[in-house]
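Residue numbers (our numbering): 1322 to 1789.
One structure below.
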């Protein structure tokens, strides 16, 4: 009735599911109302989670995918697991069928208990998705109650350190390319640190792809910080540049590329004494995967299939004692057309592109951060410093001899404004000819005056990129 909205909400169904088979009163009621007990329930719920993420879908269409009868039957059956077997997803079918075949059409109490727990977990997950969606009436609002639902993939050997236990969970509703949902083509199981750093590497090349969609972007990550980053015409060329950013730090790092890894790139990766724990890319040519696997039997090769971000709003969750911090992910990408040329020579289009690259690189370093680049290559990063002057010094130190190489002008980017002109003074003394930073300091004019005096281009982005 009501266009199918009411089908299974009936005592004939729920009495058959909830009736206690050893309770005389229940048995009399079932006989009186011609109710036949139901021993097995198999329900696949309306695809609400998939529908709410679909592009071009109306609110009314999403609401129509809220299943009412299905969760009700699952809950009734799960409550009465002493007698009823409840099946909630195709992954359970084989186990149930095997028990029915080996137990004369019956299932064990152990299986029914496990399936009941899974059923309540599924309905909780389903209701969480609905309540979160309903509670967010405007794109910028946050729900009054936060309930997150993630499916356990597997336990990890240990966490960040050997004395910490750990597991990895997946968001079943996420349509976004990720290392958690990637295809592992080769190598031993991923560790906690592998997953953490591989996610950072993927995020870096996703952003390079967004800023430079017609180019190849490569990032090499150690402890969630880029130690190598580049943009070039081909994967092989981009890898060579990224590796040359800091060959010492690159050893044992996580490598990511926004293009499939071909044989030419794989040959560059295995050359000399290089070593990478994980390589992430949309895909790998068969010959490339075979060559990498032959070179390192334990290297993890992760294929994400796609690289582009989805168009849906993305949130970051950070657990703190007693609560959770929630914020929008920093999706603001480099757009030089919106920047202000504050001092020094006018930048041409090539310099602006290179400034956009190094601005993208510094965004992915831990704050306080300063990045130095030449052309479309990161040559030095000062990250995780408690003051900006030390971030400048560290970036210069890590760049080392690369500061003196010939070629394109050296560009420095700072993830936040310079409170004083001391940091820019260090950078200019080291050979920097263009400085990119958000601006906004009470003493911005000091930096602007310094850049004008030293004939250094100063670009203000108006955007801060703290990362902790």
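Glycine is no exception: its CB is placed at the ideal position from the N, C-alpha and C atoms.
The beta strand (DSSP E) enclosing residue i, as first and last residue numbers
i	result
residue 1735	1731-1735
residue 1530	No beta strand (DSSP E) holds residue 1530; the alpha helix (DSSP H) holding it covers 1513-1532.
residue 1507	1504-1507
residue 1406	1406-1408
residue 1362	1361-1363
Residue i, enclosing alpha helix (DSSP H) - first and last residue
i	result
residue 1335	1332-1339
residue 1547	It is not in any alpha helix (DSSP H) - residue 1547 instead sits in the beta strand (DSSP E) that spans 1546-1553.
residue 1432	1430-1456
residue 1758	That residue, residue 1758, is in no alpha helix (DSSP H); its beta strand (DSSP E) goes 1755-1758.
residue 1467	Per DSSP, residue 1467 belongs to no alpha helix (DSSP H) and is neither H nor E.
residue 1724	That residue, residue 1724, is in no alpha helix (DSSP H); it is neither H nor E in DSSP.
residue 1373	1369-1374
residue 1743	1743-1750
residue 1679	1670-1684
residue 1628	It is not in any alpha helix (DSSP H) - residue 1628 carries neither H nor E in the DSSP assignment.
residue 1567	Run containing residue 1567: none; DSSP gives neither H nor E here.
residue 1708	Counting along the chain, residue 1708 falls outside any alpha helix (DSSP H), and DSSP gives it neither H nor E.
residue 1481	Counting along the chain, residue 1481 falls outside any alpha helix (DSSP H), and DSSP gives it neither H nor E.
residue 1766	1765-1775
residue 1352	1345-1353
residue 1381	1380-1385
residue 1420	1414-1423
residue 1396	1390-1400
DSSP beta-bridge partners of residue i
i	result
residue 1790	Given that the chain is displayed from residue 1322 to residue 1789, the structure contains no residue 1790 and the question cannot be resolved.
residue 1698	1551 and 1695
residue 1605	1582
residue 1644	1641
residue 1575	1542 and 1599
residue 1661	1781
residue 1488	1476
residue 1649	1636
residue 1537	1553
residue 1703	1691
Beta-carbon proximity list for residue i, same chain, < 8 Å, skipping 5 on both sides
i	result
residue 1537	1552, 1553, 1554, 1555, 1556, 1558, 1559, 1578, 1579 and 1580
residue 1685	1521, 1524, 1525, 1528, 1540, 1546, 1547, 1550 and 1788
residue 1714	1703 and 1747
residue 1653	1784 and 1786
residue 1531	1629, 1630 and 1654
Residue i versus residue j: straight-line alpha-carbon distance, rounded
i	j	result
residue 1447	residue 1572	44 Å
residue 1545	residue 1503	19 Å
residue 1505	residue 1789	29 Å
residue 1779	residue 1693	14 Å
residue 1729	residue 1624	34 Å
residue 1599	residue 1621	5 Å
residue 1527	residue 1679	15 Å
residue 1350	residue 1488	47 Å
residue 1402	residue 1344	15 Å
residue 1437	residue 1455	27 Å
residue 1593	residue 1514	25 Å
residue 1476	residue 1440	21 Å
residue 1591	residue 1486	33 Å
residue 1414	residue 1400	20 Å
residue 1595	residue 1392	53 Å
residue 1575	residue 1418	43 Å
residue 1466	residue 1453	8 Å
residue 1364	residue 1379	26 Å
residue 1381	residue 1444	22 Å
residue 1353	residue 1337	13 Å
residue 1451	residue 1696	48 Å
residue 1618	residue 1507	8 Å
residue 1416	residue 1478	27 Å
residue 1611	residue 1412	31 Å
residue 1737	residue 1663	16 Å
Contacting residues, own chain, Cβ-Cβ under 7 Å from residue i (five flanking each side not counted)
i	result
residue 1673	1657
residue 1341	1347
residue 1386	1367, 1368, 1369 and 1372
residue 1567	1548, 1549 and 1719
6 Å CB neighbourhood of residue i in its chain, flanking five on each side removed
i	result
residue 1689	1706, 1709 and 1712
residue 1428	1406 and 1420
residue 1362	1394, 1398 and 1407
residue 1609	1582, 1583, 1584 and 1587
residue 1734	1679, 1680, 1683, 1692 and 1757
residue 1793	Here the chain covers residues 1322 to 1789 and nothing more, so residue 1793 does not appear.
residue 1667	none
residue 1637	1648 and 1650
Contact with chain B by residue i, beta-carbon distance below 8 Å
i	result
residue 1543	The structure shown contains no chain B; it is built from a single protein chain.
Residue i beta carbon near the ligand HEM (any heavy atom closer than 7 Å)
i	result
residue 1590	As presented, the structure is devoid of all ligands, the ligand HEM included, so that no description of it is given.
> For the stretch 1328-1338 against the stretch 1357-1365, are there 3 or more C-beta pairs whose distance is under 8 Å?
Replying inline: yes
>> Tell me whether the stretch 1646-1659 and the stretch 1765-1772 touch, counting them as touching only if at least three CB pairs, one residue from each stretch, are closer than 8 Å.
In response: Output reads no: the stretch 1765-1772 does not touch the stretch 1646-1659.
> Between the stretch 1371-1382 and the stretch 1396-1409, do at least 3 Cβ pairs fall closer than 8 Å?
Replying inline: no
>> Is it the case that the stretch 1487-1497 contacts the stretch 1460-1473, given that we only count it when at least three CB pairs across the two stretches are under 8 Å?
In response: yes
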